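Engineer: One structure follows; several queries about it will come next.
There are 2 protein chains.
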Amino acid sequence: MEIATIKDIAKALNLSTSTVSRALRGSYEINPETKRIVLECAEKLNYRPNPIALSLKENRSRAIGVVVPEIDNPFFSQAINGIESIAYNRGYHVVIFQSHESYDREVVNIQHLASRRVDGVLISLSGQTTHVEHLKELHSKGMPIVFFDRFSDEIHTHKVVADNYQGAFDGTEHLIKSGKKYIAHLAASPTLSITRERISGYRAALEKYGIPYNEDFVKYCNFSIEDMEKIIDELLSQPILPDAIFTVSDRLAMACLKILKQRNIRIPEDMALMGFSNLKVAELLSPSFTSVIQPALEMGQRAAELLLDIVEKKSKNPVYQTVKLPTELIIRDSTKTVAD
Amino acid sequence: MEIATIKDIAKALNLSTSTVSRALRGSYEINPETKRIVLECAEKLNYRPNPIALSLKENRSRAIGVVVPEIDNPFFSQAINGIESIAYNRGYHVVIFQSHESYDREVVNIQHLASRRVDGVLISLSGQTTHVEHLKELHSKGMPIVFFDRFSDEIHTHKVVADNYQGAFDGTEHLIKSGKKYIAHLAASPTLSITRERISGYRAALEKYGIPYNEDFVKYCNFSIEDMEKIIDELLSQPILPDAIFTVSDRLAMACLKILKQRNIRIPEDMALMGFSNLKVAELLSPSFTSVIQPALEMGQRAAELLLDIVEKKSKNPVYQTVKLPTELIIRDSTKTVAD
DNA sequence: AATATTTACGCAATCGTTGTCGGCAACGTT
DNA sequence: AACGTTGCCGACAACGATTGCGTAAATATT
């Protein structure tokens, strides 16, 4: 049982393919009676237009590509959820790519996307990515690109980000107000925009409360488990021990919590702990985990909307915007003051 | 700057498209010198074959569709991770669909997949799905389908599942050996194969140790938060209170833990708790969470391999197999006996 | 020298669909 | 009666790439 095409209908009804095509799309210049017959036949044969043929003709694929560092990461899976929901409603399909935080794989992914002729690209850069020539080239050839979360300033397009500065500021301020003075900041890759923004927020809060900035309290982690452990241990063997750690990713938060527990460091008495996190289980951790929450789902939705607006819009010169979504500080036990 | 086609090369070199095509694929009947010139020109124009044109010609898309209930669920995001890695290596792309546990959306997804002309489908059924005519029809038309995790017996094809029976048996046995006698089982949708298998394992373990099966201790939950709360509360207000709860999904485990904490029920003293879970943070929960772990990533990989084998194989009659992967019981604090 | 073979390439069809053009009837208009 | 208009439909080309077939010229064979 093969899939019916417009030719099969034409043959069955002894009509031309042009007539069948027009009848199916309800063209005014087709006899209503003919239309009826064609539609009936199409129904009987379970005809479905071949999207590949349409793609070839219209030079569009009705698919968007999404490049994320890792699907299996709560932030990104929530974002993809949002992307998929918007794309679905607007008749687009979502093709997924993972960079696994590798620059090389990101480049390969972009090449695949380009040759795949997707209609647009949503991307959150890998932690290793320091230059974006691969994206620049694609963008200069007219491929709509929208960044979410991790962007590059070198490409002029829509960006959807969390308010990382404010989030880090709020989190740090909360720690300060809880009486903490030696606040460590466990950052992600220094090449990422989010890292820089969060450190800015962190420093601004310190400054506001007259706390000196200590370079040794800021550590950059890549994403391997071993390195994270080493770096966290490093932090814990400083001459001046921090009394709070602000981690800026789910993986860092988890690793940090685990190591502190192993070292029998009491949280929050000896060490307050908070994260930039999208873990749904944050409140169930021991102790429950104070977090700056990013609106991951909404970020995915907004990014997808902006992308599809470009894809579908005639305007050659869209006004590119950077959408900054507010974060939310949720205070739980891991930063409770002893007095509480 | 448009994308170069084979015609552009032909025009530039004053050759026919056939010659260019053959030169690019290294046909023996093209002059080596001509080949060189063509390849050089292709390089210069940054030529990439149009996969859509190829798809139309070869009647294949080099894409596989994946239908999961929810991306934002650790089990499925890990499985997709596995799927993507295999597909990537074999030159296929992954198109994602979510059913959101809705039968209707699952049907629509399948229709999309069918009309999208994907080369194969990987699916884990929605919790609402009770019949699979939509899949049967697709399968009967020759679409390769492989189930993972949640399957239907009505379709004869490859299946990749965790050993749910043994996993539930092991978990239940562990609870029994910890001295628990009133073990509740919080199951997912009764229509799912995994639910039935896990209940079988649960019952078998009870039987082995001569513990009577109590129907009131088995509760079925759909996936809405409110319902879960209601059902768990129901369980907690039985004449005979359970002394252990075995939950069979991440979401149930989380809801259960939260509610028990709210009710100030001590874990594991008053109530042992364990899950069928893929939560990476299980060991960081309070108390750390005993779990039967499913090899989600590996399940995705195996399923993708089996699917692509069918897709690429000439054999019309593959020997369909059901791959059953072992689960792993990880014992942590939420089921510790008081004596420990 | 006449024929056979090889080399190297072009033509045209194909995949499924749509858009452009053109044409044949059957009407209405003058 | 001659012309214009409208309704309805088919032939053809095109999207990008592959491929079977044909063929001219160059070379080899007898």
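Listed in order, the protein sequences are those of chains B and S. Just so you know, the first sequence maps onto residues 1 to 340 in our numbering. Just so you know, the second sequence maps onto residues 1001 to 1340 in our numbering. Quick reminder that beta carbons are idealized off the backbone N, C-alpha and C, glycines included. Treat the numbers as computed from the prediction; the structure is a model and nothing was measured.
Applying a beta-carbon distance threshold of less than 7 Å, which residues of chain S neighbour R116 of chain B?
Structural biologist: To locate residue 116 of chain B, count along the first sequence from 1; it is residue 116. Ordered by position in chain S, the residues that pass the 7 Å Cβ test against R116 of chain B are P1051, H1093.
Engineer: Could you tell me the boundaries of the alpha helix (DSSP H) in which Q1111 of chain S lies?
Structural biologist: One-based indexing of the second sequence puts residue 1111 of chain S at position 111. From DSSP, the alpha helix (DSSP H) with Q1111 of chain S extends over 1103-1116.
Engineer: Could you name the residues of the stretch 73-94 of chain B whose beta carbon sits closer than 7 Å to any beta carbon of chain S, in the order they occur along the chain?
Structural biologist: Of all residues in the stretch 73-94 of chain B, S77, Q78, I80, N81, E84, H93, V94 have a Cβ within less than 7 Å of some Cβ in chain S.
Engineer: Which residues in the same chain have their Cβ closer than 8 Å to the Cβ of L308 of chain B, if we skip the five residues on either side of it in sequence?
Structural biologist: Here residue 308 of chain B corresponds to residue number 308 of the first sequence, with the count starting at 1. Answer for L308 of chain B: I64, I86, A87, R90, Y92, G120, listed in chain order.
Engineer: Using a Cβ-Cβ distance under 8 Å, would M1254 of chain S count as near chain B?
Structural biologist: Mapped onto the second sequence, residue 1254 of chain S falls at position 254. For M1254 of chain S, the answer is yes, since a Cβ of chain B falls inside 8 Å of its Cβ.
Engineer: Strictly below 8 Å CB to CB, what residues from chain S border I344 of chain B?
Structural biologist: Residue 344 of chain B is absent from the model: chain B starts at 1 and stops at 340.
Engineer: From this set, S:A1204, S:G1300, S:V1095, which residue's C-alpha is nearest L113 of chain B's C-alpha?
Structural biologist: Counting from 1 along the first sequence, the entry for residue 113 of chain B is found at position 113. Answer by Cα proximity: S:V1095.
Engineer: With distances taken Cα to Cα, identify the nearest neighbour of G1300 of chain S among S:Q1166, S:I1030, S:P1144, S:V1066.
Structural biologist: In the second sequence, the residue the question calls residue 1300 of chain S occupies position 300. Nearest option by C-alpha distance: S:V1066.
Engineer: Closer than 8 Å by beta-carbon distance: list the chain B residues that pair up with I1232 of chain S, in chain order.
Structural biologist: Numbered from its first residue, the second sequence carries residue 1232 of chain S at position 232. Correct list: empty, because the minimum Cβ distance to chain B is about 14 Å.
Engineer: Could you compute how far the alpha carbon of D1340 of chain S sits from the alpha carbon of S1334 of chain S?
Structural biologist: By 1-based counting over the second sequence, the position of residue 1340 of chain S is 340. By 1-based counting over the second sequence, the position of residue 1334 of chain S is 334. With a pLDDT of 49 at D1340 of chain S, under the threshold of 50, the modelled position of this residue cannot be trusted, and the question is left open.
Engineer: Kindly indicate if chain S contains any beta-carbon less than 8 Å away from that of S286 of chain B.
Structural biologist: Sequence index remark: in the first sequence, residue 286 of chain B carries index 286 (1-based). Yes - at least one Cβ of chain S is within 8 Å of the one on S286 of chain B.
Engineer: Using a Cβ-Cβ cutoff of 8 Å, what residues of the stretch 1252-1282 of chain S are near chain B? List them in chain order.
Structural biologist: The stretch 1252-1282 of chain S vs chain B, Cβ under 8 Å: M1254, L1257, K1258, K1261, L1279, K1280, V1281.
Engineer: Within 10 angstroms of the Cβ of T1322 of chain S, are there 16 or more other Cβ atoms? Answer buried if so, exposed if not.
Structural biologist: As a working mapping, residue 1322 of chain S is identified with position 322 in the second sequence. Burial call: exposed.
Engineer: Spatial neighbours of S152 of chain B within its chain, please: C-beta separation below 6 Å, excluding the five flanking residues on both sides.
Structural biologist: Locating residue 152 of chain B in the first sequence gives position 152, where the first residue counts as 1. If we look at S152 of chain B and ignore the five residues flanking it on each side, its Cβ neighbours are V132.
Engineer: So I1330 of chain S contacts chain B; which residues on that side make the cut at Cβ distance below 8 Å?
Structural biologist: Here residue 1330 of chain S refers to the residue found at position 330 when the second sequence is read from its first residue. Result: empty, since nearest Cβ-Cβ is about 15 Å, beyond 8 Å.
Engineer: Should H1174 of chain S go down as buried or exposed, given a rule of 16 or more other Cβ atoms within 10 Å for buried?
Structural biologist: Within the second sequence, residue 1174 of chain S is the residue found at index 174, counting from 1. That one is buried.
Engineer: At 7 Å on the CB atoms, spell out the chain S contacts of S55 of chain B, in chain order.
Structural biologist: Indexing the first sequence from 1 puts residue 55 of chain B at position 55. Correct list: I1052.
Engineer: Confirm, please, whether the CB-CB distance from F148 of chain B to A79 of chain B is below 8 Å.
Structural biologist: Locating residue 79 of chain B in the first sequence gives position 79, where the first residue counts as 1. Locating residue 148 of chain B in the first sequence gives position 148, where the first residue counts as 1. Against a cut-off of 8 Å, the Cβ pair of F148 of chain B and A79 of chain B comes out as a contact.
Engineer: Exposed or buried, P32 of chain B, counting other C-beta atoms within 10 Å across all chains shown (16 or more means buried)?
Structural biologist: As a working mapping, residue 32 of chain B is identified with position 32 in the first sequence. It is exposed - the Cβ of P32 of chain B has fewer than 16 other Cβ atoms within 10 Å.
Engineer: May I ask which residues mark the beginning and end of the beta strand (DSSP E) holding I1240 of chain S?
Structural biologist: Within the second sequence, numbered from 1, the residue matching residue 1240 of chain S stands at position 240. Element bounds for I1240 of chain S: n/a, residue is neither H nor E.
Engineer: Give me the chain B residues within the contact set of S1061 of chain S, using Cβ-Cβ distance strictly less than 7 Å, ordered along the chain.
Structural biologist: Sequence index remark: in the second sequence, residue 1061 of chain S carries index 61 (1-based). Under the 7 Å cutoff, chain B gives I52.
Engineer: Using a beta-carbon distance below 8 Å, is I1245 of chain S in contact with chain B?
Structural biologist: Along the second sequence, one-based indexing puts residue 1245 of chain S at 245. It does not: the Cβ of I1245 of chain S has no partner Cβ on chain B nearer than 8 Å.
Engineer: Within the 8 Å Cβ cut-off, does R25 of chain B reach chain S?
Structural biologist: Here residue 25 of chain B refers to the residue found at position 25 when the first sequence is read from its first residue. Chain S, which has no Cβ nearer than 8 Å to the Cβ of R25 of chain B, makes this no.
Engineer: Answer yes or no: does any C-beta atom of chain S fall closer than 8 Å to that of I6 of chain B?
Structural biologist: For the purposes of this step, residue 6 of chain B is identified with residue 6 of the first sequence, where counting begins at 1. Not one chain S Cβ lies under 8 Å of I6 of chain B.
Engineer: Out of S:P1326, S:K1181, S:Y1220, which one is the CA nearest neighbour of T1191 of chain S?
Structural biologist: Along the second sequence, one-based indexing puts residue 1191 of chain S at 191. Looking at the Cα atoms, S:Y1220 is the closest of the given residues.
Engineer: Can you find the residues in the same chain that come closer than 6 Å, C-beta to C-beta, to L1306 of chain S, ignoring five residues on each side of it along the sequence?
Structural biologist: Numbered from 1 along the second sequence, position 306 holds the residue referred to as residue 1306 of chain S. The residues are V1146, H1158.
Engineer: Taking DSSP as the reference, what is the three-state secondary structure of E1328 of chain S?
Structural biologist: Residue numbering aside, residue 1328 of chain S sits at position 328 when the second sequence is read from its first letter. Of the three classes helix, strand and coil, the one that applies to E1328 of chain S here is strand, per DSSP.
Engineer: Just to confirm before moving on: does the CB-CB distance between F246 of chain B and T337 of chain B stay below 8 Å?
Structural biologist: For the purposes of this step, residue 246 of chain B is taken as residue 246 along the first sequence, with counting starting at 1. For the purposes of this step, residue 337 of chain B is taken as residue 337 along the first sequence, with counting starting at 1. Contact flag unset, no.
Engineer: Could you name the residues of chain S that Q294 of chain B contacts, counting a contact when the two beta carbons are closer than 7 Å?
Structural biologist: Numbered from 1 along the first sequence, position 294 holds the residue referred to as residue 294 of chain B. Near Q294 of chain B there are no residues of chain S at all, since even the closest Cβ is about 14 Å away, more than 7 Å.
Engineer: Are the stretch 1236-1253 of chain S and the stretch 1183-1203 of chain S in contact at 8 Å, needing three or more beta carbon pairs?
Structural biologist: Yes: the two stretches touch, three or more of their Cβ pairs being nearer than 8 Å.
Engineer: Could you check whether the stretch 1053-1060 of chain S touches the stretch 1276-1292 of chain S, counting it as contact only if at least three pairs of C-beta atoms, one from each stretch, sit closer than 8 Å?
Structural biologist: The stretch 1053-1060 of chain S vs the stretch 1276-1292 of chain S: no contact.
Engineer: Between which two residues does the alpha helix (DSSP H) holding M1299 of chain S run?
Structural biologist: Locating residue 1299 of chain S in the second sequence gives position 299, where the first residue counts as 1. From DSSP, the alpha helix (DSSP H) with M1299 of chain S extends over 1296-1312.
Engineer: Which parts of the stretch 1107-1179 of chain S are runs of the beta strand (DSSP E), unbroken and 3 residues or longer, counting only runs that do not cross its ends?
Structural biologist: Counting whole runs of 3 or more residues, the stretch 1107-1179 of chain S contains the beta strand (DSSP E) stretches 1120-1123, 1145-1148, 1159-1162.
Engineer: Any chance you could list the beta strand (DSSP E) runs of at least 3 consecutive residues sitting entirely within the stretch 1059-1083 of chain S, in chain order?
Structural biologist: Listed in chain order, they are 1063-1068.
Engineer: With DSSP run on the structure shown, which of helix, strand or coil describes Y92 of chain B?
Structural biologist: To locate residue 92 of chain B, count along the first sequence from 1; it is residue 92. Of the three classes helix, strand and coil, the one that applies to Y92 of chain B here is coil, per DSSP.
Engineer: If you follow the alpha helix (DSSP H) that K7 of chain B is part of, which residue opens it and which one closes it?
Structural biologist: Locating residue 7 of chain B in the first sequence gives position 7, where the first residue counts as 1. Residues 6-13.
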